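Shown next, in structure tokens, is the structure this report addresses.
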Amino acid sequence: MNYKTPKGTKDILPSDSYIWQYVEDKAKTVFNNANYKEIRTPIFETTELFTRGVGDSTDIVNKEMYTFVQKERSLTLRPENTAGVVRAFIENGMHRYPSPVKLWYKGPMFRYERPQAGRQRQFHQLGVELFGIENASADAEVIQIAMKLLDELGLKNLSLEINNIGCPKCRNAYKESIKEAVSSRLLEFCTDCHLRFEKNPLRMLDCKNDKCKELFASTEIESVINSEFICEDCVKHFSELQEYLKVLNIDYKINKRLVRGLDYYNRTVFEITSTNLGAQNAVCGGGRYDPLVEMLGGPHTPAVGWAFGMERVISLLPALEEKPLDLFLVTNNTKKAFELAEKFRKQGISCDFDLANRKFQKQIEKASKCGAKFAVILGEDEISSGVMTLKNMQTGDQQKLPSFEDVIKAVSSPV
Ligand code: HAM
Numbered sequence: 001m002n003y004k005t006p007k008g009t010k011d012i013l014p015s016d017s018y019i020w021q022y023v024e025d026k027a028k029t030v031f032n033n034a035n036y037k038e039i040r041t042p043i044f045e046t047t048e049l050f051t052r053g054v055g056d057s058t059d060i061v062n063k064e065m066y067t068f069v070q071k072e073r074s075l076t077l078r079p080e081n082t083a084g085v086v087r088a089f090i091e092n093g094m095h096r097y098p099s100p101v102k103l104w105y106k107g108p109m110f111r112y113e114r115p116q117a118g119r120q121r122q123f124h125q126l127g128v129e130l131f132g133i134e135n136a137s138a139d140a141e142v143i144q145i146a147m148k149l150l151d152e153l154g155l156k157n158l159s160l161e162i163n164n165i166g167c168p169k170c171r172n173a174y175k176e177s178i179k180e181a182v183s184s185r186l187l188e189f190c191t192d193c194h195l196r197f198e199k200n201p202l203r204m205l206d207c208k209n210d211k212c213k214e215l216f217a218s219t220e221i222e223s224v225i226n227s228e229f230i231c232e233d234c235v236k237h238f239s240e241l242q243e244y245l246k247v248l249n250i251d252y253k254i255n256k257r258l259v260r261g262l263d264y265y266n267r268t269v270f271e272i273t274s275t276n277l278g279a280q281n282a283v284c285g286g287g288r289y290d291p292l293v294e295m296l297g298g299p300h301t302p303a304v305g306w307a308f309g310m311e312r313v314i315s316l317l318p319a320l321e322e323k324p325l326d327l328f329l330v331t332n333n334t335k336k337a338f339e340l341a342e343k344f345r346k347q348g349i350s351c352d353f354d355l356a357n358r359k360f361q362k363q364i365e366k367a368s369k370c371g372a373k374f375a376v377i378l379g380e381d382e383i384s385s386g387v388m389t390l391k392n393m394q395t396g397d398q399q400k401l402p403s404f405e406d407v408i409k410a411v412s413s414p415v
């Protein structure tokens, strides 16, 4: 029997895992510097959290969830993490923490989608959620952090699109106008759009079906989209966000068709796309979800956040060299090697040695194969005379050094 990874999943091998660590380390620094704290929630949650939280008009809930029943309880592998973080926020009384509560997370998500370039069934997200601030400054801050992180990672050719999809107060009239505009030709829309028409007509606007897109072109929908449907408070919120983005020198485009695929959003929605990706060009998506905490049983708490797909970000990174091993100990005295390796590692010098205790020449070859910057040779001669031979693996230069400290100094100074 040949076991293989399930369709739509991938191993992250040592040849790539250092790139993942690089992204995670950069993210950790950017988040910590802005006072965001990490939260880790379970990978599965009760199914109802997602049907209610993500919304039963979404593709995620309707078609993409990995759900299983365990002792009569229906559980689901998380398709995204906003609902789980909100559940944790409420369950742990985090609304009583000083406001705002700023959280970040990373980890695997699961969606049963047709795998293609940039789309997997198990994929990984890095994200932030900010609770407790209604003001557009919170939207601006989370967008700023996303842009900053992507910039620090060296991603180019990104574009930020924003929209304001209104609040429960003004959105109902907008939904009705959309329904009115398409109702005479509804039967011609795809079956998904029929469901969206009933449950969340806004979502019809980003249907990817070509026939639906054509139908839109022949309805009144464009004039509905371009109408100023949002209420005064939402207009104010949206213009404040834009003022902040201008102050922060963040370029953006307004895309009135941007509605996003999850039901919990209100007011701000945004997406960062890359021209260097194929059909799945969304690197990062997010928005404001003020009603969600209350919907899931907590007190009214405004919130905003985003998540990016780590696979997509990693596919866009400029070439990255793996940090080499600092030194390889070459010796036939394994006990001494254990002792010395520990001493070097304590000083922050990465160090390895040959557990199989092969011949010296083989060990030197191993040092070279694993890309070590230096080899420390400790033969009988060196041990009896109390020195160490340091070999620069790039130049081949060798020098005898009398003390451990001299080796540390030589290894730590730039090659
Ligand atoms: P989302 O747009 O569904 O939003 O996903 C965010 C990002 O995850 C996407 O932009 C994409 O980069 C990545 N992604 C999504 N599905 C896949 C997939 N099948 N394979 C690879 N990458 C994928 C959310 O999940 C929201 N929870 C974001 C959010 C946080 N909104 C507010 N707070």
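Residue numbers (the working numbering): 1 to 415.
For glycine and all other residues, C-beta sits at the position ideal for the given N, C-alpha and C.
Quick caveat, the model's predicted, so the values are computed rather than measured.
P108 is bridged by DSSP to H124. Per DSSP, reduced to three states, the secondary structure at Q398 is strand.
The three-state secondary structure of I349, taken from DSSP, is coil.
Counting the other Cβ atoms within 10 Å of the Cβ of Q125 gives 16 or more, which makes it buried.
Residue pairing from DSSP places M388 in a beta bridge opposite L401.
Distances from the alpha-carbon of K246 to those of V269, T51, A136, A173 put A136 closest. At a Cβ-Cβ threshold of 8 Å, F229 and C167 do not count as neighbours. Residue pairing of C284 in beta bridges, as defined by DSSP: I272, F308.
Within the segment 9-62, the complete alpha helix (DSSP H) segments at least 4 residues long are 14-33, 47-53, listed from N- to C-terminus.
The segment 84-92 makes contact with the segment 278-298: 3 or more CB pairs, one atom from each, lie closer than 8 Å.
Non-local beta-carbon contacts of F110 in its own chain, meaning distances under 7 Å to residues more than five positions away in sequence, involve Y66, L77, R78, P79, R121, Q122 in chain order. Secondary structure in the segment 58-94: the alpha helix (DSSP H) runs of 4 residues or longer, each lying completely within the stretch, are 59-63, 82-91 in chain order.
Annotation for E240: A136 place their beta carbon closer than 6 Å to its own, counting only its chain and skipping 5 residues before and after. V330 carries a strand assignment under DSSP once its states are collapsed to helix, strand and coil. Apart from the 5 residues on each side of it in sequence, H237 sits with its Cβ closer than 6 Å to the Cβ of A136, R267 in its chain, given in chain order.
Counting only residues of its own chain and dropping the five nearest sequence neighbours on each side, A337 has a CB closer than 7 Å to the CB of L329, T331, F353. The alpha-carbon of L149 is positioned some 30 Å away from that of L205. Note that the segment 179-192 touches the segment 207-219; at least 3 beta-carbon pairs, one per stretch, sit closer than 8 Å. Residues K256 of the same chain have their beta carbon placed closer than 7 Å to that of N226, with the five preceding and five following residues left out of the count.
Burial is judged here by how many other beta carbons sit within 10 angstroms of a residue's own beta carbon; P302 has at least 16 and is buried.
Taking all protein chains in view, the Cβ of V259 is crowded by 16 or more other Cβ atoms within 10 Å, so the residue is classified as buried.
With three or more CB-CB distances shorter than 8 Å, the segment 271-285 counts as touching the segment 143-158. Spatial neighbours of A375 in its own chain (CB-CB distance under 7 Å, excluding positions within 5 residues in sequence) are listed in chain order as L327, F328, V330, I364, A367, K391, M393.
By the criterion of a C-beta distance shorter than 8 Å, P324 is surrounded in its chain by G371, A372, K373, once the five residues flanking it on both sides are discounted.
Taking a cut-off of 8 Å for Cβ pairs, the segment 21-37 and the segment 48-62 do not touch, as fewer than three such pairs fall below it. Between G287 and V269, the beta carbon gap of about 4 Å places them in contact (Cβ cut-off 8 Å).
Short of 6 Å from the beta carbon of E220, and not among the five residues preceding or following it, lie these beta carbons of its own chain, in chain order: A181. Annotation for I162: no alpha helix (DSSP H) segment contains it, though the beta strand (DSSP E) segment containing it runs 158-164.
In the structure shown, F131 falls within a strand segment according to DSSP collapsed to helix, strand and coil.
Taking each of V30, V142, D406, L340 in turn and checking the Cα distance to L378, the smallest one comes out for L340.
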